[in-house]
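Those protein sequence lines, which keep their order, are chains A and B.
Going by our numbering, the first sequence opens with residue 1, and the numbers climb by one from there.
Going by our numbering, the second sequence opens with residue 253, and the numbers climb by one from there.
We put the beta carbon where it would ideally sit given N, CA and C, even for glycine.
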Amino acid sequence: MTGTRRLELLTPWAVTIGLFLVWELGCWLFNVPPYVLPRPSLVFQTMYAFHAQIIDHSLHTLFTTVLGFIFAVVGGVLIGLAVGASPIAYAGLYPVMIGFNSIPKVALVPIIVIWFGIGTVPAVITACSIAFFPIAVNIATGLATIEPEMRDVLRSLGATRWEILTKVGIPRSTPYLFASLKIAITLSFIGSVISETVASNKGIGYLMLSASSRFEVPLVFAGLIVVGAMGIGMYAICVIFEKRLTRWAFRN
Amino acid sequence: MPAPPLVSIRDVSLTYGQGEDSVLAVRNLTLDIAKGDFVAVVGPSGCGKSSLMKLVTGLLPPTSGEIFVDDEKVTHPIQGVGMAFQNSTLMPWRTTLDNIMLPFEIVEPHKRRLRSEKAKYVAQAEQLLATVGLGNFGRKFPWELSGGMQQRANLCRALVHQPELLMLDEPFGALDAFTREELWAVMQDLWLQKRFTAVLVTHDLREAVYLANTVFVISHRPGHVVYDAKVDLPRPRTLETTFETKFIDIVHDLRAHISRELTT
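This is the structure:
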């Protein structure tokens, strides 16, 4: 392992630990009361003390997030393929998609609650609705940027539209797909936690809301850190899949 | 007796766009290409050479006139034509061999048989790769090959399913002079072996004269045939041939006709 490579592996840890140190030091120097900004040491202590509840709630959040994310991938890929492959679908769907994406998803949650009640379902739907847009747009971009010569080669061989889609369009958009998955998974966490905060009795969002209503600020921060850590973990999984499946796009 | 034409272009015109913005790209173009012939099309840039490729393969419908391939009128993209462009358009996610297998996955009857006779088709593709000097590179990805090697692979892909018609749109245009001359020889060898009908669009007059039996000069836009030169030099032609008086005379003659087009 070369020096730069080792440094590359170490810096994320160094930066994270450094950040916590600065935070700790700042709280100590300026004597910040824990109900305003708790020190990280207190947050981690709280995390340990409440670990059973935190694990229970965060697993629930992870479940709703991943479920919403999976729906977003399926829906986003299908819509992206339709929009990218057909100009009519593009003209028809694009404005609606942009309009829908502009709506703050937190405003949707009460409506979803009216339809499905509180709990898991609104969290999954919110996670899905916030995450599908970047996936659809990226897939559509991948399809729309096929080189015209590549298309001509296939057409002159007698390829059908379906064959052009499966042999060129889909493989060509996979790097775009993975780029969007990395954004979409973090957005999914935002969606599910928002929904849990507004309308749920389960999940990290609910835990944080109920903790803040009891002024247990260190527990709120413990929840935030757990959400951040889960986001990093899922992002890393997406990166592993990306490297495995689209090696050709990372040539150098 | 001359062979019957494989491609017959009858009084074809092509207009791009509509109304005041429309551009007449090709006007009253008529030419015949005999079966098994190798013709080159040269002309000033923007003369509609590439439009001609798309017209013959049916990728673009003519605004007026008719095109026949194998006695059948071209009304939609005709099947199984081999095409090679300046940009090699190999798929970076496939190995070189898998790229060359592509026509087998699309063109009938190979498409039907590919699954059951996979080994036979792979052998065919590998043999063709060996012919152009890429014998050991089938497992490499296209981006691991040099520009010249990519263009060799591109020619293989265009030819592997043994199409009757091969359309070449400046396939050597982006290569350095040495590689280009090397590939002329590769191209000629392939043609001498397989005797497909080839149409080469190029702006390199030496390339046209080296490879073709007939060189058509297309006028400035709107394009039509203003001159054709028969190249009756013996084959196989070599780089030495290009320094012979007869070769140089033909190139000069073509050059003069193109200059005339540029000044008018």
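How would you write the range of the alpha helix (DSSP H) that LEU281 of chain B sits in, first residue to last? What you label residue 281 of chain B is simply residue 29 of the second sequence in a count that begins at 1. Looking at the DSSP string, LEU281 of chain B is not in any alpha helix (DSSP H); the run it does join, the beta strand (DSSP E), is 275-286.
Going along chain B, which residues have a C-beta under 8 Å from ALA159 of chain A? Numbered from its first residue, the first sequence carries residue 159 of chain A at position 159. The answer, in chain order, is ILE358.
CB contact flag (PRO218 of chain A, LEU42 of chain A, <8 Å): Position 218 of the first sequence, counting from 1, holds the residue named residue 218 of chain A. Position 42 of the first sequence, counting from 1, holds the residue named residue 42 of chain A. Yes, they are a contact pair.
Beta-bridge partners of ILE263 of chain A, as assigned by DSSP: Only positions 1 to 252 of chain A appear in the structure, and residue 263 of chain A is not among them; the question remains open.
Indicate the three-state DSSP secondary structure (helix, strand or coil) for ASP263 of chain B in the structure shown. Within the second sequence, numbered from 1, the residue matching residue 263 of chain B stands at position 11. ASP263 of chain B: strand per DSSP, three-state reduction.
Distance, Cα to Cα, THR515 of chain B vs SER297 of chain B? Taking the second sequence and counting its residues from 1, one reaches residue 515 of chain B at position 263. Taking the second sequence and counting its residues from 1, one reaches residue 297 of chain B at position 45. In a straight line, the C-alpha of THR515 of chain B is about 13 Å away from that of SER297 of chain B.
Give me the Cα-Cα distance between ILE500 of chain B and ARG512 of chain B, rounded to the nearest whole angstrom. Residue 500 of chain B sits at position 248 when you count from the first residue of the second sequence. Residue 512 of chain B sits at position 260 when you count from the first residue of the second sequence. The straight-line gap from Cα to Cα measures roughly 18 Å.
Sort A:ARG39, A:VAL137 and A:VAL124 by Cα distance to ALA82 of chain A and report the nearest one. Walking along the first sequence from the start, residue 82 of chain A turns up at place 82. With distances taken between Cα atoms, ALA82 of chain A lies closest to A:VAL137.
Please check the pair LEU266 of chain B and ASP322 of chain B, which I expect to be a contact at CB under 8 Å, by giving their CB distance rounded to whole angstroms. Locating residue 266 of chain B in the second sequence gives position 14, counting from the first residue. Locating residue 322 of chain B in the second sequence gives position 70, counting from the first residue. Going by Cβ atoms, the distance from LEU266 of chain B to ASP322 of chain B rounds to 21 Å, so no, they are not a contact pair.
Thinking C-alpha only, which one of A:VAL193, A:ILE185, A:ILE170 and A:PHE178 is nearest TYR109 of chain A? Within the first sequence, the letter at position 109 stands for residue 109 of chain A. The identity of residue 109 of chain A in the sequence shown is Val, whereas the question assumes Tyr. With distances taken between Cα atoms, VAL109 of chain A lies closest to A:VAL193.
At the level of alpha carbons, what is the spacing between LEU21 of chain A and LEU154 of chain A? By one-based count along the first sequence, residue 21 of chain A stands at place 21. By one-based count along the first sequence, residue 154 of chain A stands at place 154. Using only the alpha carbons, I get a separation of about 59 Å.
Check whether the segment 158-173 of chain A touches the segment 104-118 of chain A, counting contact only when three or more Cβ pairs, one atom from each stretch, lie closer than 8 Å. no
Where TYR268 of chain B falls: helix, strand or coil (DSSP): The count along the second sequence starts at 1 and reaches residue 268 of chain B at position 16. Residue state, collapsed to three classes: strand.
In three-state DSSP terms, what is PHE356 of chain B? Indexing the second sequence from 1 puts residue 356 of chain B at position 104. In this structure, PHE356 of chain B counts as helix in the three-state DSSP scheme.
CB contact flag (LEU304 of chain B, VAL278 of chain B, <8 Å): Numbered from 1 along the second sequence, position 52 holds the residue referred to as residue 304 of chain B. Numbered from 1 along the second sequence, position 26 holds the residue referred to as residue 278 of chain B. Yes, the Cβ-Cβ distance between LEU304 of chain B and VAL278 of chain B is below 8 Å.
Neighbourhood of VAL77 of chain A by C-beta, 6 Å cutoff - its chain only, sequence neighbours within 5 removed: Along the first sequence, one-based indexing puts residue 77 of chain A at 77. Cβ within range, chain order: ILE139.
Do the segment 314-328 of chain B and the segment 146-163 of chain A meet, that is, are 3 or more Cβ pairs less than 8 Å apart? No, because fewer than three Cβ pairs between the segment 314-328 of chain B and the segment 146-163 of chain A fall closer than 8 Å, the two stretches do not touch.
In this structure, what does DSSP give as the bridge partners for GLY475 of chain B? Position 223 of the second sequence, counted from the start, is the residue given in the question as residue 475 of chain B. Partner(s): B:VAL278.
Should ASP152 of chain A be flagged as near chain B, meaning a C-beta pair shorter than 8 Å? Walking along the first sequence from the start, residue 152 of chain A turns up at place 152. Yes, because at least one Cβ of chain B sits closer than 8 Å to the Cβ of ASP152 of chain A.
Going by the DSSP bridge assignment, what does ALA292 of chain B pair with across the sheet? Residue numbering aside, residue 292 of chain B sits at position 40 when the second sequence is read from its first letter. Looking at the DSSP assignment, ALA292 of chain B forms a beta bridge with B:LEU452 and B:VAL467.
Among B:PHE468, B:LEU457, B:VAL477 and B:VAL438, which one has its Cα closest to the Cα of PRO488 of chain B? Locating residue 488 of chain B in the second sequence gives position 236, where the first residue counts as 1. Checking every option, the nearest Cα to that of PRO488 of chain B belongs to B:VAL438.
Could you tell me which chain B residues have their CB closer than 7 Å to the CB of TRP254 of chain A, listed as they occur along the chain? Because chain A in this structure spans residues 1 to 252, residue 254 of chain A falls outside the shown range and cannot be described.
In the DSSP assignment, find the alpha helix (DSSP H) that holds LEU127 of chain A and state where it starts and stops. By one-based count along the first sequence, residue 127 of chain A stands at place 127. Here the sequence assigns Ala to residue 127 of chain A, which means Leu is not the residue at that position. Start and end: 120-144.
Examine the Cβ distances between the segment 183-201 of chain A and the segment 42-55 of chain A and report whether three or more of them are shorter than 8 Å. no
Going along chain A in order, which residues have a C-beta closer than 7 Å to the C-beta of PHE337 of chain B? Residue numbering aside, residue 337 of chain B sits at position 85 when the second sequence is read from its first letter. Ordered by position in chain A, the residues that pass the 7 Å Cβ test against PHE337 of chain B are GLU149.
Could you check what DSSP says for GLY26 of chain A in three-state terms: helix, strand or coil? Position 26 of the first sequence, counted from the first residue, corresponds to residue 26 of chain A. Reduced to three states, the DSSP call for GLY26 of chain A is helix.
Starting from LEU181 of chain A, trace the alpha helix (DSSP H) in both directions and tell me its first and last residue. Locating residue 181 of chain A in the first sequence gives position 181, counting from the first residue. 170-198 is the span of the alpha helix (DSSP H), which, as asked, contains LEU181 of chain A.
Helix, strand or coil: which one does DSSP assign to ASP350 of chain B? Start at 1 with the first residue of the second sequence, and residue 350 of chain B comes out as number 98. When secondary structure is reduced to three states using DSSP, ASP350 of chain B falls in the helix class.
When you check each C-beta in the segment 171-194 of chain A against every C-beta of chain B, which residues fall closer than 7 Å? Taken in chain order, the members of the segment 171-194 of chain A whose beta-carbon sits within less than 7 Å of a beta-carbon on chain B are PRO171.
Which value, in whole angstroms, describes the spacing of the CA atoms of PHE221 of chain A and ILE70 of chain A? Residue numbering aside, residue 221 of chain A sits at position 221 when the first sequence is read from its first letter. Residue numbering aside, residue 70 of chain A sits at position 70 when the first sequence is read from its first letter. Spanning the two alpha carbons is a distance of roughly 28 Å.
Would you report the Cα separation of THR214 of chain B and GLY332 of chain B, rounded to the nearest angstrom? Outside the shown range of chain B, which is 253 to 516, sits residue 214 of chain B, and nothing can be said about it.
GLY84 of chain A and CYS128 of chain A - do their beta-carbons sit closer together than 8 Å? Along the first sequence, one-based indexing puts residue 128 of chain A at 128. Along the first sequence, one-based indexing puts residue 84 of chain A at 84. No; because the gap between Cβ atoms is not below 8 Å, this pair is not in contact.
Is it right to say GLY295 of chain B is buried, meaning 16 or more other beta carbons lie within 10 angstroms of its own, or is it exposed? What you label residue 295 of chain B is simply residue 43 of the second sequence in a count that begins at 1. Buried.
With a threshold of 8 Å between beta carbons, is VAL264 of chain B in contact with chain A? Looking up residue 264 of chain B in the second sequence gives position 12. Answer no: the Cβ-Cβ gap between VAL264 of chain B and chain A never drops below 8 Å.
Contacting residues, own chain, Cβ-Cβ under 8 Å from MET47 of chain A (five flanking each side not counted): Here the question's residue 47 of chain A lines up with position 47 in the first sequence. Hits under 8 Å: ILE54, ALA222, ILE225 and VAL226.
Using a C-beta to C-beta distance shorter than 7 Å, which residues of chain C count as neighbours of GLU163 of chain A? Checking the listed chains, one finds no chain C in this structure; the protein chains it contains are A and B.
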